[in-house]
Structures are given as structure tokens and as C-alpha cells.
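Undergrad: End of the sequence shown sits at 223 in my numbering; the numbers just go up one at a time, nothing left out.
This is the structure I have questions about; it appears just below.
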Amino acid sequence: MATRLLKQKRNDKNKLYSLHAPEVECISKGKAHKRYEFGCKVGITTTSKDNFVVGAIAFHGNPYDGHTLNDSVKQAERLGGFESKEIYVDMGYRKHYYDGVAVVHLARRGLKKVKRSLRKWLKRRSAIEPVIGHMKNDGRLGRNYLLGKEGDRMNAVLCGAGHNMRKLLRAFLFFLFGWRFYEDLSAEN
């Protein structure tokens, strides 16, 4: 690994970014304030209505988003025990190779030509962004302490389960203590 680290050049493929975690890859974000992230891609599958995480899977090798759709949906269906009927994704999944029976809807800019009910569900798709943000910060998805590629996969699933448990616990405490608990909790943050 030391030889690989010393011999790598700027434009080389398969660079070694970390000695303690050689499976780490550079992921281009395409955003001005944060151009790159280091780690692995994680696919998050949520329900459309309540945003419960029904699947979380880590992908190595920095695949194109559209190529991860098949595995993400299969894992969610296997873990949840259901069959997807409709899937709502963003434009990153344009050239997907999904081979299931569900209909894949791409969230796009021209929503005026779409039926009102479909427009509502396409707008709900953007609600997954805060879920990913909360999982990265509150759920510790942003930093993985487990070893190797298998550790990355376990960390993704455990972060999804933790997100669901926090959501259920918040609803349970709100049911027990009402609005007063919610105000106390928001005052602490």
C-alpha cells in the first residue's frame, strides 16, 4: 500500500485516499461549496408518504446513480415484504436500467403537463433530501467506524434503522406528553 501511495499520480485511476480504509473512493458532488466527498455511495429508499427508510445499501466503485436503482428497489422489497408499484426518482436516474414491474417516474422541471396527482407525488420526492441530511448528521452516516466494505453496508442499514427508531420515538413521546414535550425538545436544540 505504501508503494501504491507513493507511485500514484494526479490523473491516475484507483488512487489510495486512505491507508486505514483502502476501500474509500472520491465521489464528485457537482456543487460549488463542496465539490468532493470521500467514502462510498449509499442508496436510500423511503416510503413516499411518511418517509420511513425501507432500504439502505452501500455501493462501491462509484457507480452511476441509474445503475443503483435495481439493487436499491430489490433490497427495499426484500426487507419490507412488499412489491413496488411506482418509484419516484430525481434526474440523476435518467438512464436507469430498472427491470422490475414498477413504473419509474422522473422528477423533472416541466411539471405543468403532468396530472395533478402525479405532480403531488413528484414534489414529495424532494422530501428525501432532509432524510439524507439527518441521517448524515444525526444518524452518523457521514462517518463510518466499521471496517471494510461489509462495514459500510452494515453502517448504511443501521443508520436507516436508527432513523426509523428516532422517528417512532419522537411520535411516541409526542403522544405521551403532547405539544409541551415538542417545545422542550426544540428549545434544547
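Glycine included, C-beta positions come from ideal geometry on N, C-alpha and C.
This structure is a prediction, so every number in the text was calculated from the model and none was measured.
Would you verify that the beta carbon of Gly182 is, or is not, closer than 8 Å to some beta carbon of chain B?
TA: Of the protein chains in the structure, only one exists, and it is not chain B.
Undergrad: For Gly176, which residues from the same chain have a beta carbon less than 6 Å from its beta carbon, with the 5 sequence-adjacent residues on both sides left out?
TA: Within the same chain, Gly176 has close Cβ partners Lys170.
Undergrad: Where His139 and Ile91 are concerned, what is the direct C-alpha to C-alpha distance, given to the nearest angstrom?
TA: If you take the alpha carbons of His139 and Ile91, they lie about 21 Å apart.
Undergrad: Are Ser118 and Gly134 close, meaning C-beta to C-beta below 8 Å?
TA: In contact: Ser118 and Gly134 (Cβ atoms closer than 8 Å).
Undergrad: Taking C-alpha atoms, which residue in Ser62, Lys41, Phe72 and Ala66 lies nearest to Ala55?
TA: Considering only alpha carbons, the answer is Phe72.
Undergrad: Output the distance between the C-alpha atoms of Asn178 and Gly196, rounded to the nearest integer angstrom.
TA: Near 14 Å, if we compare the C-alpha coordinates of Gly196 and Asn178.
Undergrad: Nearest-angstrom Cα distance between Arg128 and Arg150?
TA: About 22 Å.
Undergrad: How should Asp186 be labelled, buried or exposed, when 16 other C-beta atoms within 10 angstroms of its C-beta is the threshold for buried?
TA: Classification of Asp186: buried, given that the 10 Å Cβ count is 16 or more.
Undergrad: Looking only at DSSP bridge pairs, what is His139 linked to?
TA: Tyr122, per the DSSP bridge assignment.
Undergrad: State the DSSP-derived secondary structure class of Phe86, mapped to helix, strand or coil.
TA: Three-state DSSP puts Phe86 in coil, outside helix and strand.
Undergrad: For Val88, which of Gly77, Asp172 and Asn48 has the nearest alpha-carbon?
TA: Checked all of Gly77, Asp172 and Asn48; the closest Cα to Val88 is Gly77.
Undergrad: Please classify Val137 as buried or exposed, where buried requires at least 16 neighbouring CB atoms within 10 angstroms.
TA: Val137 comes out exposed.
Undergrad: Less than 8 Å separating the beta-carbons of Arg69 and Lys63?
TA: Yes; because the gap between Cβ atoms is below 8 Å, this pair is in contact.
Undergrad: Pull up the DSSP beta-bridge partners for Ile91, would you.
TA: According to DSSP, which records beta bridges pairwise, Ile91 is partnered with Gly77.
Undergrad: Let me know if Leu103 comes out buried or exposed under the rule of 16 or more other beta-carbons within 10 Å of its beta-carbon.
TA: Classification for Leu103: buried.
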